[in-house]
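Asker:
The following block contains the structure:
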């Protein structure tokens, strides 16, 4: 059978060219995708959670279409300095210093936390999850190659990428972000540590560690640590090759991080790395930029528990995911309690309709063009992963499903099967929603049902209705539910 | 307040000395503990799950006593060759070759699986979880040091530890396992690859990669990979220092793995690494050695789901953990369906009594010596982590708690508080049992309770008992439970 990706070819908005292009993988039937993962020095940020949910959605769609996907999402556990610049303390080492822990204890704590949040939001584990500290050897090798190729220079034990030289000799630093080298060269020269660089736009490939810097490795240049941008070039090359398909990350990483990655890739291999560079947009909270200092901030975990003054209640992770998917990955997404409430209604309506659909009986003939609907859903998904359009199509189907109480409306057996299969597949496999088998909701309902049973039992006893009392006793015993009469009333245990 | 570890000092059976010794940490109030983790090339083995559960129990007890613990458990993702020997294919690379995946995809899949099982069995994440591939630089450094110190030699691009030379110059290879070097030197000489070694007992620190070996790194000696034993020496030294407290692993690792670790530690730093070496014992299944080939095998996941012909049903992970804790870590543990069934009864009885305890009212005075019981529990725990004795003490308390229906038996307010606190702490914090908020059990109970409610409603309607029917209708609405009368009877939805 022809794979789905031939029937519904994908078009991707490529940040590198600024155009929407047809997706043609380097190797037929396979997708190599690299996404810049979190720096694990604090609880995972809601913006990051959105970014990784977006790429998880793409990962799911590629797989659904029949591609064999290798999805690499790294963990940054060293080299990411404060303010994303070439100077300042390592983010993880700083947290470790404050908490009096070994840096790798910080890494472990927040990696575990990150994985918990990803599991809750139903993001599949990537195929490979490499770490920066796990690839020191590969990074040193890449620096050697870049120096050999003439695009980097040593200075005081550190190694810098020579941006001006690179661009003079045909490189195109700025190609992704659209920034002009002459603008970048002016300005920040006066910053601490810049005196080691030939030019302000140069960036570190290797930094000599200051005496108090604890995360350090030997290298041909100094005891030190790799520059932040380097790990992604080294790891994407190792696991996906010099030329691969998709590179993703948040929009805030476009410059300098991804710009530098491309320059490093070209300087070491002659290739830019990925063919398609994707960027997810930012999010706001109640219309404003999130910021801890002003209190306009929320963590993914708080969304789930409701433990944040900006929320009226907790939202189940599938609702939060649905809310994210309602916006296109390239649009700004505004979080608010009201918007989440509305998303919850939509989410429950969608899942309710899928439940209803599972109970529908086939009719003689169809009053809905299911195949056309299926095509429109795929076309939306393949059009730069347009989840909001997909969701609007899903709600068209919800409307139809809910109208099936009318006997003049219905689906043939084949159409019913097709609609059932595709509704489930789009909602659960591709969008990644999840029916919550919430133990809480069952427990709560059980408590209330048992309150009722206990009341009916008391009533039956008062009325000397021994038959009813007997039924209750017998069936509860069979169900493994024990009643205990106490001074404070009757309680039950399982 | 004096920390608990002063009141109840720990005694540990030290494999290195063969004696039970008082535990005196290198640094007062702190514990550094290293445990050899899994090689992630297949589903985690039940034996491994038992080993890691045992060390999790010790980790929990150290923390409970007030120690600040750094618990390092590694992930072996390279260098572990078939048959635990110096020749043969890398276990992970072999699996990757068979499944046509990148080795790191294998590592990711089974690391995720391992973490899932650990989470189910309520094993806390260790403080640091380092990987072999993440410490190539550190391993190369350690080899350099060992060569400089004269205890290793190069041969054809590989580096071997010179066991005979080490023992001639005062080393004591064999100190842990009790094996004699002269016995080890004979025998295995004829094996493939042994011709590179001076003596049969020598072991690899670095192996030159054969052309088809895909997991390889540059080194001063060859493109290759570190020997399996080296990673644990390098990582324990990096994160816990040259002298630390506890080193743990399964008994099967005592020789050659731990014996080689000690030799490497001494050869690079002059110290043996840990002061106390601990070994957990093996497990059997229905009295026989587990073996996939004979079908006498079971996976941790299968224990939870019951999907194995040797099991009559699934057991909740807390029951499995309780079952493991009923045996001392240094005893052989035999798994069987009957034994798990018995453990389930014990587990539920213990947790039921803790529930009962929470509802007990204080009496004027106590008829049970709670402080004496508390002391005996701690003494059991501190006596080489004797979980079976602890559990027998817990059941003494269970018996007492369940006898409290007799009004002549009871506890003063202070004693009731103390018993409640300590029962919870021993069962949940230290043994690591977990009250299962099983959505399944609540859902099942809810189904049965609702069957009963539906029957009572039908009965009330038949009897024209409109008052009862009304109560049922009203309370279900309040509870958010909807009844639907259909052709197949009445069903409910939340």
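Chains as they are written, first to last, in the working numbering: chain A, 1 to 494; chain B, 1 to 494.
Just so you know, even glycine gets a beta-carbon here, dropped at the ideal spot from N, CA and C.
For my contact list, residue 163 of chain B and residue 181 of chain B are in at a C-beta cut-off of 8 Å; report their separation, rounded to the angstrom.
Answerer: Residue 163 of chain B to residue 181 of chain B, Cβ: 7 Å. Contact.
Asker: Per the DSSP calculation, residue 217 of chain A is bridged to which residue(s)?
Answerer: DSSP, once it has assigned bridges, lists A:224 as partnering residue 217 of chain A.
Asker: Please decide whether residue 206 of chain B counts as near chain A, where near means a Cβ-Cβ distance under 8 Å.
Answerer: No, because no Cβ of chain A sits closer than 8 Å to the Cβ of residue 206 of chain B.
Asker: Give the residues of chain A in contact with residue 70 of chain B, contact being defined as C-beta atoms less than 9 Å apart.
Answerer: The answer, in chain order, is 101, 102, 105.
Asker: For a contact meaning CB atoms closer than 7 Å, what does residue 450 of chain B contact in chain A?
Answerer: Chain A residues near residue 450 of chain B: 449.
Asker: What runs of the alpha helix (DSSP H), each 4 residues or longer, lie entirely inside the stretch 321-371 of chain A?
Answerer: 337-359, all fully within the stretch 321-371 of chain A.
Asker: Under a three-way DSSP split, which group does residue 261 of chain A fall into?
Answerer: Three-state result, residue 261 of chain A: helix.
Asker: Expressed to the nearest angstrom, what Euclidean distance is found between the alpha-carbon atoms of residue 224 of chain A and residue 174 of chain B?
Answerer: Approximately 38 Å, taken between the alpha carbons.
Asker: Taking the C-alpha atoms as reference points, what is the distance between residue 382 of chain B and residue 60 of chain B?
Answerer: Cα to Cα, residue 382 of chain B sits roughly 12 Å from residue 60 of chain B.
Asker: For residue 251 of chain B, I'd like the list of residues in its chain whose CB is within less than 7 Å of its CB, leaving aside the five on either flank, ordered along the chain.
Answerer: So the list reads 279, 280, 281, 282, once near-sequence residues are dropped.
Asker: Does the separation of the CB atoms of residue 321 of chain B and residue 53 of chain B fall below 8 Å?
Answerer: Yes, Cβ-Cβ distance for residue 321 of chain B and residue 53 of chain B is below 8 Å.
Asker: Within 8 Å, do at least three Cβ pairs link the stretch 238-253 of chain A to the stretch 19-33 of chain A?
Answerer: Because the criterion of three Cβ pairs below 8 Å is met, the stretch 19-33 of chain A and the stretch 238-253 of chain A touch.
Asker: Is residue 134 of chain B close to chain A? Criterion is C-beta to C-beta, closer than 8 Å.
Answerer: True, the Cβ-Cβ gap to chain A drops below 8 Å.
Asker: Measure the CB-CB distance between residue 57 of chain A and residue 385 of chain A and report whether it falls below 8 Å.
Answerer: Against a cut-off of 8 Å, the Cβ pair of residue 385 of chain A and residue 57 of chain A comes out as a contact.
Asker: Which chain B residues sit within Cβ distance under 9 Å of residue 455 of chain A?
Answerer: Within 9 Å Cβ-Cβ: 471, 475.
Asker: Which residues in the same chain as residue 370 of chain A place their Cβ atom closer than 6 Å to its Cβ, once the five residues preceding and following it in sequence are excluded?
Answerer: So the list reads 415, 418, 419, once near-sequence residues are dropped.
Asker: If contacts are defined as beta-carbon pairs under 8 Å, then residue 348 of chain B and residue 311 of chain B qualify, I think. What distance do you get, rounded to the angstrom?
Answerer: Their Cβ separation, rounded to whole angstroms, is 18 Å, which puts residue 348 of chain B and residue 311 of chain B out of contact at 8 Å.
Asker: So, does the CB of residue 139 of chain A fall closer than 8 Å to a CB anywhere in chain B?
Answerer: Output row for residue 139 of chain A: interface = no.
Asker: Give the residues from the stretch 345-368 of chain A that approach chain B closer than 7 Å (Cβ to any Cβ), ordered along the chain.
Answerer: Within the stretch 345-368 of chain A, no residue has a Cβ that lies closer than 7 Å to any Cβ of chain B.
Asker: So does the stretch 296-314 of chain A actually touch the stretch 116-124 of chain A, counting three or more Cβ pairs closer than 8 Å?
Answerer: In short, these stretches touch, since the Cβ pair count reaches three.
Asker: Could you work out which residue in B:409, B:466, B:72, B:37 is closest to residue 103 of chain A when comparing CA atoms only?
Answerer: Among B:409, B:466, B:72, B:37, the Cα nearest to that of residue 103 of chain A belongs to B:72.
Asker: Suppose contacts are defined by Cβ-Cβ distances below 8 Å. Is residue 391 of chain A in contact with residue 356 of chain A by that definition?
Answerer: It is not a contact, given that the beta carbons lie outside the stated cut-off.
Asker: May I ask you to list the residues that DSSP assigns as paired with residue 271 of chain A?
Answerer: Partner(s): none; residue 271 of chain A has no beta bridge.
Asker: Return helix, strand or coil for residue 151 of chain A, following the three-state DSSP convention.
Answerer: Correct three-state label for residue 151 of chain A: coil.
Asker: For residue 171 of chain A and residue 137 of chain B, what's the separation of their Cα atoms in angstroms?
Answerer: Their backbone Cα atoms lie some 32 Å apart in a straight line.
Asker: So, are the CB atoms of residue 264 of chain B and residue 161 of chain B less than 8 Å apart?
Answerer: In this structure, residue 161 of chain B lies closer than 8 Å to residue 264 of chain B by Cβ.
Asker: Give a yes or no on whether the minimum CB-CB distance between residue 131 of chain B and chain A is below 8 Å.
Answerer: For residue 131 of chain B, the answer is yes, since a Cβ of chain A falls inside 8 Å of its Cβ.
Asker: With DSSP as the reference, identify every bridge partner of residue 442 of chain A, one or two as the case may be.
Answerer: Partner(s): none; residue 442 of chain A has no beta bridge.
Asker: Counting only the same chain and skipping the five closest in sequence on each side, list residues whose C-beta sits under 6 Å from that of residue 159 of chain B.
Answerer: 143, 152, 205, 206, 221.
Asker: Ends of the alpha helix (DSSP H) at residue 32 of chain B?
Answerer: Taken as a continuous stretch (DSSP letters only), residue 32 of chain B belongs to no alpha helix (DSSP H), being part of the beta strand (DSSP E) at 30-35.
Asker: Taking Cβ-Cβ distances shorter than 9 Å, what residues in chain A pair up with residue 310 of chain B?
Answerer: Correct list: empty, because the minimum Cβ distance to chain A is about 26 Å.
Asker: Residues of chain B with CB closer than 8 Å to the CB of residue 481 of chain A, please, in chain order.
Answerer: Ordered by position in chain B, the residues that pass the 8 Å Cβ test against residue 481 of chain A are 445, 448, 449.
Asker: Name the two residues that bound the continuous alpha helix (DSSP H) containing residue 417 of chain A.
Answerer: Start and end: 413-424.
Asker: So within the stretch 11-78 of chain A, which uninterrupted beta strand (DSSP E) runs reach at least 3 residues, ignoring any that extend past its ends?
Answerer: 11-14, 19-22, 30-35, 68-73, all fully within the stretch 11-78 of chain A.
Asker: Check the Cβ of residue 504 of chain A against every Cβ in chain B and list those closer than 7 Å, keeping chain order.
Answerer: This structure cannot settle anything about residue 504 of chain A, because the visible part of chain A is limited to 1 through 494.
Asker: Find the residues of chain A that neighbour residue 336 of chain B, judging by a C-beta separation of less than 7 Å, and give them in chain order.
Answerer: The contacting residues do not exist; residue 336 of chain B stays about 25 Å from chain A at best.
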